[in-house]
Amino acid sequence: MATKPHGPASYFPSIEAKYGRGIDEWFTLLRECGVAGHKPLVEWLKAEHGVGHGHASALVQYHLNPAKWAA
């Protein structure tokens, strides 16, 4: 039986559906944007891509520490 995603990953299906980009694409954008740190990355996603605060925070949390959230 597959386990349900937890933490930031639990937001990924709704992020993909709402913004039309795959999660890997979001992580590529975060890697290549030239911005560092949690708050600046969240603000960048909100300003440049219109991502809501909760979704932006989930993407950044996972991006900055994927090992913590891996199943």
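No gaps in the numbering here: position 10 of the sequence shown is 9 in numbering that gives the first Met the number 0, and each next residue is one more. C-beta atoms are modelled at their ideal positions from N, C-alpha and C, and glycine is treated no differently.
With 16 other Cβ atoms within 10 Å as the buried cut-off, status of residue i
i	result
HIS54	buried
HIS62	buried
PRO12	exposed
PRO7	buried
Residue i versus residue j - alpha carbon distance
i	j	result
HIS52	LYS3	23 angstroms
GLU15	ARG30	18 angstroms
HIS37	ARG20	21 angstroms
Endpoints, the alpha helix (DSSP H) within which residue i is located
i	result
HIS62	52 to 63
PRO39	37 to 48
TYR10	Counting along the chain, TYR10 falls outside any alpha helix (DSSP H), and DSSP gives it neither H nor E.
ARG30	22 to 31
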